[in-house]
Amino acid sequence: MTLPIAFGPMAIALAAQAELPPATPPAEQGPVVVAEPAEPPAVDNEIIEGRRRPDYTGPLPEEVTQTNVGAVRAPPPEAFPVDQVPVPDRWRLIESLGVVKERWWDPYNQNTYKGDRPINPDKVPWLPITGDDWFFIVNAVSDTVFEPRTFPIPVGVQTTERPDSIDVFGKDASYVLSQTFIVGAALLKGSTAYKPPDVEYRVTLAGNINYVDVPERRVLFVEPSKPSHRFDHFVGVQEAFFDYHFRNVSDRYDFDSVRIGIQPFQADFRGFLFNDNQLGIRFFGTRDNNRFQYNFGGFWRLEKDTNSGLNAVLQTPRDDYVFYVNAYRQDFLIPALTSQLTFVWNANREAQDVQIDDNGFPVRPALLGSLRGRDYDVFYLGYNADGRIGRINLTGSAYYAFGEDRNSFFTDERADISAYFAALEASYDRDWMRFRLSAAYASGDSDPYDDVETGYDAIFENPVFAGADTSYWIRQTIPFAGGGRAISVNGRNGILNSLRSSKEQGQSNFNNPGLMLVGAGADFDITPEFRLSANANHLWFENTATLQALRNEGSIPKAIGWDLSAAAIWRPKATRNIVFRLSGAALVSGSGFEDLFTALDNPGTYYSVLANVVLTY
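When we follow this note's numbering, the leftmost residue of the sequence shown carries the number 65, and every step to the right adds one.
Take a look at the structure:
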């Protein structure tokens, strides 16, 4: 029988099933055995360049054996303790290791009071500071001076110290004993090893005790009834300022800063024009890796104590203002020479001010000529240089002063100011010796009755020049007796013949005889602790027309004389913390000096001795 096509597949399946053998019953199941995995293939331990296999360290190199006998070997691992205690900062690290121990009285080793390590804010919660970069610095100076000297001393008019003293000039020997204590403190923010501080607060006080003994009356006090000796004391504020460093302008810490308050300022390298601690505001900074520096600002001059010269902050400041701008450039004109351009304006408005000093002598206006007060505006245009040319060390200054004096004390009329100043000092070093040549010129007034004042005068000079204060003429003040009352030919610690009542309290005077100086000197460093210095200067008046008018003399020679001085400086341990200085100077008077100060027993030679001890902490 033939099946239909539709049933074909089913029939084939049934036929195949019929051909299979019969199924056997399932046997009882035994335990399952799992085969152990095969050993993994070996890993190639070669490090592929640029890749690192985790948990694998390649073979170490062979141990290096040191064979050079005597060389320093590395300490063993047991030399480094594992229980180290962290220190708060790097400044206290050496103390934690037991290298040094801090002593508050020791300025040579680590000392918090000397700014060697930062202040811990937790120990001074009353200070408004945060962070670990605030430093505190304390400075203390003791300056002791004993100074015997001789100079022409006028005899008192109303009464004298001794009977039969009838000459114009009396005894000339006197002495000064002065003790000054200076204490200063500063609070700084910022590490100053490579950059200026970010913030600085500084206060410095100076206390002076002095005793003076002279042989004549009316020298120390205006009252003739008072004795010819004086004991005085005073405390002055020499620094009190805030300094803010408001930005850095380069990777080498070129900066811009501002300083406000009583602060030191020196207008040039040697202090010829203005070198004082005064109240003012100063903007300053650097550029080009400190090769360019600038300053500009102004000062309002404080009154000075008469006998100590310290700032008298409890008195009303003077109507005397100083505005300045200067710029320094290293390697300018020639390499190794720093050049400075300076412009200064001194505006004095003290025509109506009558000032009497602590000893009773008038200082403003000066007792010269018409005795009337003065206003003046004087401008100083200067160039200063300091550096070297080859083996020659060189320092120079040049100023031109111009402006207007509203009341010349000779004419009571307005007068123009036009005066000049120049100074140059060159030195040559030969091993432990330095040889110096010095020269200075300050123009004098050739006609005091015309409408131009040509005698040069500074604002407040404190020059380091031609022997500095070891020189007789710079150290001593010579009274201008017979031409004015309470007037000096020169000022203490000054070189100019300015005919002022006082460098500290008087006004600048451009009716003066000027100055010419030529000198030579040498410094000998016998040992690192001991130095000998010697100086010889010859001085002249540049023009004596002003002296002739004030003294009513027909002629006065120009020669002041020879200024001879020598000094010995000893610094134990070769530090600046202890300095002993002993110097002696003599003025061998010239014809001009003798003409001004003729006396019955004029010695012709005057001396000055300076014994000085400076202790610094």
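Just so you know, even glycine gets a beta-carbon here, dropped at the ideal spot from N, CA and C.
query, result
"Between the CA atoms of alanine 530 and glutamate 489 - distance to the nearest angstrom", "8 angstroms"
"Aspartate 236 vs threonine 214 beta-carbon contact at 8 angstroms", "yes"
"Cutoff 7 angstroms; reference threonine 88; Cβ partners in own chain excluding five residues on either side", "Confidence in threonine 88 is poor, its pLDDT being 49 and thus under 50, which makes the residue's placement unreliable; the coordinate value appears in the next sentence. Here the set comprises nothing."
"Residue range of the alpha helix (DSSP H) that includes threonine 610", "609–615"
"Beta-carbon spacing of leucine 435, tyrosine 463 below 8 angstroms", "no"
"Assumed close pair phenylalanine 249, valine 202 - CB separation to whole angstroms, cut-off 8 angstroms", "Per the sequence presented here, residue 249 reads as alanine, with phenylalanine not at that position. That pair is a contact at about 5 angstroms."
"Alpha-carbon spacing of glycine 583 relative to glycine 362, whole angstroms", "35 angstroms"
"Aspartate 369, buried or exposed, once every other Cβ within 10 Å from all chains shown has been counted against 16", "buried"
"Bounding residues of the beta strand (DSSP E) (the contiguous stretch that carries phenylalanine 298)", "293–312"
"Residues bridged to serine 461 [DSSP beta-bridge criterion]", "Asn448 and Ala487"
"Runs of beta strand (DSSP E) lying entirely within the stretch 234–275, each at least 3 residues, in chain order", "237–253"
"Of the residues Gly433, Phe574 and Leu397, the one placed nearest leucine 405, counting alpha carbons only", "Leu397"
"Phenylalanine 644 versus isoleucine 481 - alpha carbon distance", "43 angstroms"
"Cβ shell of serine 461 (< 6 angstroms), same chain only, five flanking positions each side left out", "Asp332, Phe336, Asn448 and Ala487"
"For phenylalanine 524, three-class secondary structure by DSSP", "strand"
"Euclidean distance between Cα positions of isoleucine 551 and asparagine 339", "22 angstroms"
"Beta strand (DSSP E) segment containing serine 619, residue limits", "Segment: none, serine 619 is in no beta strand (DSSP E) and carries neither H nor E."
"Cβ neighbour criterion (16 or more within 10 Å) applied to arginine 438", "buried"
"Any 3 or more C-beta pairs closer than 8 angstroms across the stretch 631–647 and the stretch 594–604", "yes"
"Reference glycine 618; option with closest CA among Ala600, Trp626, Asp262 and Gly656", "Gly656"
"Residue(s) in a DSSP beta bridge with proline 683", "For the chain, the structure presents residues 65 to 681; residue 683 sits outside this window and is missing."
"Distance, asparagine 561 Cα to aspartate 521 Cα", "8 angstroms"
"Within-8 angstroms CB hit, glycine 451 to chain D", "Among the chains in the structure shown there is no chain D, since it carries only a single protein chain."
"Cβ contact (3+ pairs, closer than 8 angstroms) linking the stretch 369–385 and the stretch 298–306", "yes"
"CB of arginine 428 within 8 angstroms of CB of glycine 570, strictly", "yes"
"Inter-residue CB distance, serine 682 and asparagine 457 (contact presumed, cutoff 8 angstroms)", "The structure shown does not extend to residue 682, since the chain is modelled only from 65 to 681, so the question has no answer here."
"Helix, strand or coil at tryptophan 169 [DSSP, three-state]", "coil"
"Cβ pair count under 8 angstroms reaching 3, the stretch 162–176 against the stretch 246–265", "no"
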